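Engineer: Structure provided below as structure tokens; questions to follow.
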Amino acid sequence: MRTPVISALAALIATCSFARVDPESAVGIWLFDEGSGDTAADSSGNGNDGELVDAVWGEGVRGDAVEFDGASHVAFPATASTDDYVAGFTYMLWVDVVLAGNGANTRIMERDWHNPTIQVGGSDFYGSIVTGANDIGNGIRGGAYVPGEYVHVALTHDGSTLILYVAGEAVNESTVGEPTLTNANDGGAIWLARWKAAGWDLTGRVDEVAAFNEALEQGDIQDLMTDGFDGFLAVQARGKLATSWGRLKASAR
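So that you can map any letter, position 225 of the sequence shown is 228 in this note's numbering, and since no number is skipped, the others follow by simple counting.
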């Protein structure tokens, strides 16, 4: 049985693990633990809630997840914060690929068209951004999945290098410049599990999706993969509380 001291120490260690990730860098954190309804709440505080479109709730890595049948998706409307990816970003999630679609790559998480995107092929994963007018030649792929099992996937870009991580390990990278800001599909919304045309849709489950406006380091990705977001959200909440308290003291002077 855990003593209060051990529990407090464990919480402190978990919190310290995420102290190096800027709390303000979170664009959206979607834990999918609602278990009912058609809203996927954003835990980052940015208000980027999503809508389940014919998707259902299922079993996640920790708590609940969203389950897709190959004809459903989740949509996160475009906002100033979701559009803040050009100078750097991280997309990450857990996915259980039951069945990929008929296209060369099935969508898992995608803003607009390939910008950025995490997709899955017949045996591996794929990530890309759009540069120039319509160039996705920077696409990279790697890793593997087993149908019926969750695997963690992340894509980062720091302004010059695009890196694909699977199960916490870098599996491929590409030297590429900044992405071009595009908003052709649904105003630049982020969708899970499908694109605007049939044949690119995921059958499977997705859990703990997150977007940041900077490229996280591999160690941070591994920490979030292993421990979840409780520690990070605690750091973020404490920072916002300190800011609010500082403003309150300043206004009282």
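Glycine included, C-beta positions come from ideal geometry on N, C-alpha and C.
Here the structure is a predicted model, which is why all the values come from computation and not from measurement.
For Arg197, count neighbouring C-beta atoms within 10 Å of its own C-beta (all shown protein chains included) and say buried if the count is 16 or more, exposed if not.
Structural biologist: In the sequence shown, the residue the question calls residue 197 occupies position 194. With 16 or more Cβ atoms within 10 Å of its Cβ, Arg197 is classed as buried.
Engineer: Got a sec? Which residues, its chain only, sit under 8 Å from Asp57 by beta carbon, not counting five neighbours each side?
Structural biologist: Working through the sequence shown from its first residue, we reach residue 57 at position 54. The residues are Asp72, Ala74, Ser75, His76.
Engineer: Our contact map puts Asn51 next to Thr85 with C-beta atoms below 8 Å; I'd like the distance itself, whole angstroms only.
Structural biologist: Numbered from 1 along the sequence shown, position 48 holds the residue referred to as residue 51. Numbered from 1 along the sequence shown, position 82 holds the residue referred to as residue 85. Rounded, the Cβ-Cβ distance is 6 Å, consistent with contact.
Engineer: So, at 6 Å on beta carbons, what are the nonlocal neighbours of Ile32 in its own chain, with the 5 sequence-adjacent residues on each side left out?
Structural biologist: As a first step, residue 32 must be located in the sequence shown, where it is residue number 29. Ser46, Ser47, Ala213, Phe232, listed in sequence order.
Engineer: Is DSSP giving Ile9 helix, strand or coil here?
Structural biologist: Within the sequence shown, the letter at position 6 stands for residue 9. Only weak support exists for where Ile9 lies, its pLDDT of 41 falling under 50; the coordinates are left without a value.
Engineer: Only counting runs of 3 or more residues, tell me where the beta strand (DSSP E) segments fall wholly within the stretch 93–151, in order along the chain.
Structural biologist: Entirely contained in the stretch 93–151, the beta strand (DSSP E) runs reaching 3 residues are, in chain order, 109–114, 120–123, 128–131, 143–145.
Engineer: With DSSP as the reference, identify every bridge partner of Phe299, one or two as the case may be.
Structural biologist: Any answer about residue 299 is impossible in this case: the structure gives the chain only from 4 up to 256.
Engineer: Identify the residues that DSSP records as bridge partners of Val156: which are they?
Structural biologist: Locating residue 156 in the sequence shown gives position 153, counting from the first residue. Answer by DSSP bridge pairing, in chain order: Leu96, Val169.
Engineer: Note down the Cα distance separating Asp36 from Ala237, rounded to an integer number of angstroms.
Structural biologist: If you number the sequence shown from 1, residue 36 lands on position 33. If you number the sequence shown from 1, residue 237 lands on position 234. One C-alpha to the other measures close to 17 Å.
Engineer: Going by DSSP, name the residue or residues bridged to Leu55.
Structural biologist: Your numbering for residue 55 matches position 52 in the sequence shown. Looking at the DSSP assignment, Leu55 forms a beta bridge with Val77.
Engineer: Is Asn137 buried or exposed, if buried means 16 or more other CB atoms sit within 10 Å of its CB?
Structural biologist: Here residue 137 refers to the residue found at position 134 of the sequence shown. It counts as exposed.
Engineer: Please list, in chain order, all residues of the same chain as Asp67 whose beta carbon is under 6 Å from its beta carbon, the five residues on each side excluded.
Structural biologist: Taking the sequence shown and counting its residues from 1, one reaches residue 67 at position 64. Result list for Asp67: Phe35, Asp36, Gly38, Trp60, in chain order.
Engineer: Would you call the CB atoms of Leu205 and Met95 closer than 8 Å?
Structural biologist: Indexing the sequence shown from 1 puts residue 205 at position 202. Indexing the sequence shown from 1 puts residue 95 at position 92. No, they are not a contact pair.
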